[in-house]
Amino acid sequence: MASPLVTHVIGGVVMVAVIIAVVNYGSIMYNTTRYNNLQQLYEEIASAIAVRINSAVLDAYMRGLNNTIIHLANPVEAAAGEKYNVYIGVGSSLSKLFPRVPGDTGLYVVVSSPDNTIYGYASASMIPGVEVARGRVVINKYRTGFDAAYGYSENGVPFLCRMPINVTERAGVDLSNYLVLVNLSLTGVNCTYLGKQYSPSRSDVRFTDSDGVTPLDYYIEYWGSVNALIWVKIPLLKAREVKTIYMYWGNSFAQEKSNPGIFTLLSRLGEYSGIQSLLLSGVWGVKYNNTASINIAGNGSVLTVSATYTASPGYVNIYSVQELDATGKLGWIVEALGSPVDTGSNSQNYRAGFYAWNTTAEKYSILLIPPVIDPSTSLSNYTIIYGNWSITGEVTGEGVNLVVNNTALQTIQVGKNTNISIAIAQRSISSTGEYASMLYKVRVDSYSGVYRGIVLSEGLANTSNQAFAIVLTVDDKGYLQVCQLDVDRLLQGQTQLDCESTGVSVDPDGEWFYINATIRNPAQGQGNPELELTVYRASDGSLVYQLPRQGTQGFTGRADYIGPIVYYNGVPVGYTGSEFDDLVAIRYGSPVDLTSIMVVGLPAGWIAELWDGDFNASGVAGSNGVAVLNVTLKPVLGVDGPVYLYIYTGDGVLVDVFEINQVISGGTIIEYAPGIRESTSSFSAMIHASANNICNVNVGKGGYVYLLDTGSTCIGMGVSNVAWGWYWTSVGYFNGSFYYFIENQFNRALYSSYSLTSTVKPASLRVVFGVSAEGLSNVKNTNTTGLFQLIMLRPFVYPEPSVSYSSGLIQNASFPQPPTVIVDQYSGYIVFSSDLTVDIVVAIKSTGGVVVVEVPRGVRGR
1 MASPLVTHVI GGVVMVAVII AVVNYGSIMY NTTRYNNLQQ LYEEIASAIA
51 VRINSAVLDA YMRGLNNTII HLANPVEAAA GEKYNVYIGV GSSLSKLFPR
101 VPGDTGLYVV VSSPDNTIYG YASASMIPGV EVARGRVVIN KYRTGFDAAY
151 GYSENGVPFL CRMPINVTER AGVDLSNYLV LVNLSLTGVN CTYLGKQYSP
201 SRSDVRFTDS DGVTPLDYYI EYWGSVNALI WVKIPLLKAR EVKTIYMYWG
251 NSFAQEKSNP GIFTLLSRLG EYSGIQSLLL SGVWGVKYNN TASINIAGNG
301 SVLTVSATYT ASPGYVNIYS VQELDATGKL GWIVEALGSP VDTGSNSQNY
351 RAGFYAWNTT AEKYSILLIP PVIDPSTSLS NYTIIYGNWS ITGEVTGEGV
401 NLVVNNTALQ TIQVGKNTNI SIAIAQRSIS STGEYASMLY KVRVDSYSGV
451 YRGIVLSEGL ANTSNQAFAI VLTVDDKGYL QVCQLDVDRL LQGQTQLDCE
501 STGVSVDPDG EWFYINATIR NPAQGQGNPE LELTVYRASD GSLVYQLPRQ
551 GTQGFTGRAD YIGPIVYYNG VPVGYTGSEF DDLVAIRYGS PVDLTSIMVV
601 GLPAGWIAEL WDGDFNASGV AGSNGVAVLN VTLKPVLGVD GPVYLYIYTG
651 DGVLVDVFEI NQVISGGTII EYAPGIREST SSFSAMIHAS ANNICNVNVG
701 KGGYVYLLDT GSTCIGMGVS NVAWGWYWTS VGYFNGSFYY FIENQFNRAL
751 YSSYSLTSTV KPASLRVVFG VSAEGLSNVK NTNTTGLFQL IMLRPFVYPE
801 PSVSYSSGLI QNASFPQPPT VIVDQYSGYI VFSSDLTVDI VVAIKSTGGV
851 VVVEVPRGVR GR
């Protein structure tokens, strides 16, 4: 048997063999696990790269996207200290190195260990014909024009053209939010982008501050075929500074953003239909003196102001309700676009400028703009009828006692043996499509047999064959009824009434009612008139009947005439009174609410209060300066004594009291007006279109004169080299002097200018324009007329900032050019190490094929 030592040695050998076997088994398990882990990691990396390449290849084929750059951000090492390689290529080439890769024409990504023993792969594209190559990317950094990324855009759409504009401050004053005029010549102002030429239009012109991005507000005054006039609001311009702003254009999606709100006041005067809409706008007031008639009418584009005069001086002044502080470092300029009308009279036809005060205290008065005037004086736009109808005796026989327009006419024979009496007062609706409003207080009873109401006629009732009336009567049950009466048939002895009961009881002893009607005459050839009629009790103001008609209903014919009517089926015996027992007010030209009186020109929140005996009405002025006073219960005031108007502040402090010694009715406008008078008896600065001696300057017919009146001294400088016409006539005030300018309507070319130093510095200013006849000894029946289109008001310094530009400095937008990919070598596959910074570019070849290009950019760290 073996010795113990031998046995020990043999035992040791056996144990060593066992230990070696165990170690070898652990090594095999470790290598297998490492292999599997690395292969899985390599497949994940390959898959991530393949997905991005696949997307770029599809974009190239399907959407034509070229030069898509893929920036790879894979880990540098797969394990500690172990880098790897990335292969991109066609399967037929890669399969020779990596047997598991299919040997087809597809594009694959392989990630492998440096010795290629461990690898993973993924399919990048199965589209045949995709090539791979090594190459370079060249980026062109040279740029012409401006960087669109730092230019102006709206809703993500850039403006492709811009031009620098220099604004130079010349008055030595720091300016904020100042308006400058860009007088733009459209000749040669264009730019070219990608072969297309872009010229500015009013829809896509824009302005920015010096940074080229911050938008500036602007207003387009005029845009023609060869030039444009554009006002731009500059936020800040320091004294003597030369500031660069930019004008942009070249955006077909842009919409016009012209903003008239940049002006302190911009008023398109033609939008006012007449004196009522002018006063109720809250923007303008009206003062006039020694006028026989006034006409203020707009046609949508131009406001016509005309007047005739009873004595000298005569004037119509339209002034701004807004008062301007004239004590600041900046002044003001008013620019009026208008023209005088040659009336053949030696008079001052047209004027525009400033009315001034040298103290902050203004004296106010009131001006009544009535809906009525005495018809015996004028058959103008306003009519009042009050009192006797001249029906003073009995008429016998087969005839009609007919009174038209307050004049008793001869007896008209009728066709039947009927004695009737009719009193009619009619006034013509002055022109087609205009309105007439009428208020008529009538007495209704069940015993007198008198019918009272309104008449509508296509001619005077005694000559019309289409005359209809609406009259009030009482039915058999004692209810008020509204009846339609054919006046034409009535004149022929055929009484026909078509009545509708209201169900409203009438006092058996009689009761007063008001008829308030507005009618609009239809255009020639169009059906029937539009009518709005209401009837209400005089005692409590309650509405008892309403008749709205939109036209082509009810009455036939054209309502060329409207007025009150009284009908009696018989002949009044020994009648000496009036069947019209109270006032009738008619207004033509526009619809008027004859149940209210309006006080205009008040500061917002102030209170106006009217008293007539024990009746009172009050109203609070709104933001437009208008207080509405409801006079439904007494629409006629001042019959038995004076009417008093009280003006209070919003806190109830009494400011003014006025005594009105005349009859007024609903529909009257009472204007709380500052003490503005004619220019030669006031503190004012104006441009006149004159044909007479004014302020000791004899101006030839058809010339302009610059006028400054300080209240005690009138200074005038005649201008003879500018004939009457459509011009910008502007008056500016700055630092104690007034400046006058006459400019071309379309290009602002300066025709004439002047300056006058004022011996008195005004504390406040108001804009004023209108017509006048001053300096004439006999002005009766003289007519003066001015046409006004636009008034603009803004801050002013002199000299104003200058604006200059050069079309040679126009720039077009320049977008970064796409990189250029240069292929150095095509190959079946490309390979790079994980420690390199590599971009993959998917490019479209000129032949239309797609190539995947490896572009190394350097070594990267862990």
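Residue numbers are given in the UniProt record's numbering: position 700 of the sequence shown equals residue 700, and the series is strictly consecutive. Virtual Cβ for every residue (Gly too), placed ideally from N, Cα, C.
**Asked** By how many angstroms is the C-alpha of Ser437 removed from the C-alpha of Thr304?
**Response** Here the question's residue 304 lines up with position 304 in the sequence shown. Here the question's residue 437 lines up with position 437 in the sequence shown. Distance between the alpha carbons of Thr304 and Ser437 is about 23 Å.
**Q.** Reference Asn166; option with closest CA among Val130, Gln484 and Leu181
**A.** Residue numbering aside, residue 166 sits at position 166 when the sequence shown is read from its first letter. Ranking Val130, Gln484 and Leu181 by Cα distance to Asn166 puts Leu181 first.
Checklist line | 8 Å Cβ shell around Pro235 - same chain, five flanking residues per side excluded | finding: Working through the sequence shown from its first residue, we reach residue 235 at position 235. The residues are Ser176, Asn177, Asp209 and Leu216.
**Request:** For the segment 84-98 and the segment 57-71, state whether three or more C-beta atom pairs, one from each stretch, are separated by less than 8 Å.
**Result:** no
| Beta-carbon separation of Glu772 and Glu678 under 8 Å? | What you label residue 772 is simply residue 772 of the sequence shown in a count that begins at 1. What you label residue 678 is simply residue 678 of the sequence shown in a count that begins at 1. Going by the sequence as given, residue 772 is Ser instead of Glu. Yes, these two residues count as a Cβ contact at 8 Å.
(message) At the level of alpha carbons, what is the spacing between Val57 and Ile830?
(response) Along the sequence shown, read from residue 1 onward, the residue named residue 57 stands at position 57. Along the sequence shown, read from residue 1 onward, the residue named residue 830 stands at position 830. Using only the alpha carbons, I get a separation of about 17 Å.
Among Glu256, Asp342, Phe746 and Phe146, which one has its Cα closest to the Cα of Gly700? Here the question's residue 700 lines up with position 700 in the sequence shown. Checking every option, the nearest Cα to that of Gly700 belongs to Asp342.
Please report how far the alpha carbon of Arg452 lies from the alpha carbon of Ala352, in whole angstroms.
On the sequence shown, position 452 is the one that residue 452 refers to. On the sequence shown, position 352 is the one that residue 352 refers to. Approximately 49 Å between the Cα atoms of the pair.
Using the C-alpha atoms, what's the distance from Thr117 back to Thr32?
In the sequence shown, residue 32 corresponds to position 32, counting from 1. In the sequence shown, residue 117 corresponds to position 117, counting from 1. Cα to Cα, the separation comes out at about 12 Å.
Review point. Which whole runs of the beta strand (DSSP E) in the segment 174-198 are 3 residues long or more, in chain order?
Key: 175-185, 191-193 and 196-198
Considering just the uninterrupted stretch of the alpha helix (DSSP H) at Gln276, what are its terminal residues? Mapped onto the sequence shown, residue 276 falls at position 276. Element bounds for Gln276: Ile275 to Leu280.
inquiry  = Out of Asn735, Val803, Tyr479 and Gly212, which one is the CA nearest neighbour of Val328?
reply    = Within the sequence shown, numbered from 1, the residue matching residue 328 stands at position 328. Inspection of the sequence shows that residue 328 is occupied by Gly rather than by Val. If we check each option's Cα against that of Gly328, Asn735 comes out closest.
How long is the line joining the alpha carbons of Ala843 and Thr68, rounded to whole angstroms?
Position 843 of the sequence shown holds residue 843. Position 68 of the sequence shown holds residue 68. Cα to Cα, the separation comes out at about 7 Å.
- Message: Bridge partners for Ser618 per DSSP, in chain order?
- Response: Against the sequence shown, residue 618 aligns to sequence position 618. In DSSP, Ser618 forms a bridge with Glu609.
For this session: Leaving aside the five residues before and after Cys191 along the sequence, list all residues of the same chain whose C-beta is less than 6 Å from its C-beta, in chain order.
Result: By 1-based counting over the sequence shown, the position of residue 191 is 191. The residues are Cys161, Tyr198, Ile810 and Asn812.
In three-state DSSP terms, what is Thr32?
Counting from 1 along the sequence shown, the entry for residue 32 is found at position 32. Helix at Thr32.
Handout entry: Completely contained beta strand (DSSP E) runs for the segment 485-510, where each covers 3 or more residues
Key = 497-505
May I have the straight-line CA-CA distance separating Ser846 from Trp223, to the nearest angstrom?
-> Locating residue 846 in the sequence shown gives position 846, counting from the first residue. Locating residue 223 in the sequence shown gives position 223, counting from the first residue. Distance between the alpha carbons of Ser846 and Trp223: 48 Å.
Which one of Gly188, Ser539, Val109 and Asp475 has the shortest CA to CA distance from Ser806? Counting from 1 along the sequence shown, the entry for residue 806 is found at position 806. Checking every option, the nearest Cα to that of Ser806 belongs to Gly188.
- Is the Cβ of Gly261 closer than 8 Å to any Cβ of chain C? Structure shown: chain C not included; a single protein chain is present.
Which class does Tyr219 belong to by DSSP, given the choice of helix, strand or coil? The count along the sequence shown starts at 1 and reaches residue 219 at position 219. DSSP places Tyr219 in strand when its eight states are reduced to three.
(Q) Whether or not the segment 265-283 and the segment 291-311 are in contact is what I'm after, with contact meaning three or more pairs of Cβ atoms, one per stretch, closer than 8 Å; do they touch? (A) yes
Practice item. Tell me where the alpha helix (DSSP H) around Gly91 begins and ends. Key: Here residue 91 refers to the residue found at position 91 of the sequence shown. Note, Gly91: alpha helix (DSSP H), Gly91 to Leu94.
Point to revise | Best match in Val444, Ser681, Ile647 and Pro548 for proximity to Tyr567 [C-alpha to C-alpha] | key: Against the sequence shown, residue 567 aligns to sequence position 567. When each option's Cα is compared against that of Tyr567, the closest is Val444.
- Straight-line gap, Phe746 to Ser730 (C-alpha atoms, nearest Å): One-based indexing of the sequence shown puts residue 746 at position 746. One-based indexing of the sequence shown puts residue 730 at position 730. The straight-line gap from Cα to Cα measures roughly 15 Å.
- Cα-Cα separation, Asn289 to Ser201: Looking up residue 289 in the sequence shown gives position 289. Looking up residue 201 in the sequence shown gives position 201. Whole-angstrom Cα-Cα distance: 47 Å.
Check your understanding: By the 10 Å Cβ neighbour count, where 16 or more other Cβ atoms means buried, how is Gly794 classified, buried or exposed?
Key -> Working through the sequence shown from its first residue, we reach residue 794 at position 794. Here residue 794 is Arg; the residue named in the question, Gly, does not match the sequence. Result: buried.
inquiry  = Rounded to whole angstroms, what is the Cα-Cα separation between Tyr219 and Pro75?
reply    = Start at 1 with the first residue of the sequence shown, and residue 219 comes out as number 219. Start at 1 with the first residue of the sequence shown, and residue 75 comes out as number 75. Going by the C-alpha atoms only, they are around 60 Å apart.
In the DSSP output, what is Val841 paired with across the bridge? Against the sequence shown, residue 841 aligns to sequence position 841. Ile69 and Val853.
If you reduce the DSSP assignment to three classes, tell me which class Asn166 lands in.
For the purposes of this step, residue 166 is taken as residue 166 along the sequence shown, with counting starting at 1. DSSP places Asn166 in strand when its eight states are reduced to three.
**Q.** Alpha carbon of Gly563 to alpha carbon of Met717, nearest angstrom
**A.** Stepping through the sequence shown from its first residue, residue 563 is reached at position 563. Stepping through the sequence shown from its first residue, residue 717 is reached at position 717. Distance between the alpha carbons of Gly563 and Met717 is about 52 Å.
query: From Asp835 to Gly848, what distance separates their C-alpha atoms?
result: To locate residue 835, count along the sequence shown from 1; it is residue 835. To locate residue 848, count along the sequence shown from 1; it is residue 848. Whole-angstrom Cα-Cα distance: 33 Å.
Check: Under a three-way DSSP split, which group does Gly858 fall into?
Finding: On the sequence shown, position 858 is the one that residue 858 refers to. Strand at Gly858.
Mapping the DSSP letters down to three states, classify Asn54 as helix, strand or coil.
If you number the sequence shown from 1, residue 54 lands on position 54. In this structure, Asn54 counts as helix in the three-state DSSP scheme.
Evaluate the contact criterion for the segment 503-518 versus the segment 534-551: three or more CB pairs, one atom per stretch, below 8 Å.
yes
- Please list the segments of the alpha helix (DSSP H) lying wholly inside the segment 684-738, counting only runs of 4 or more residues, in order along the chain. none
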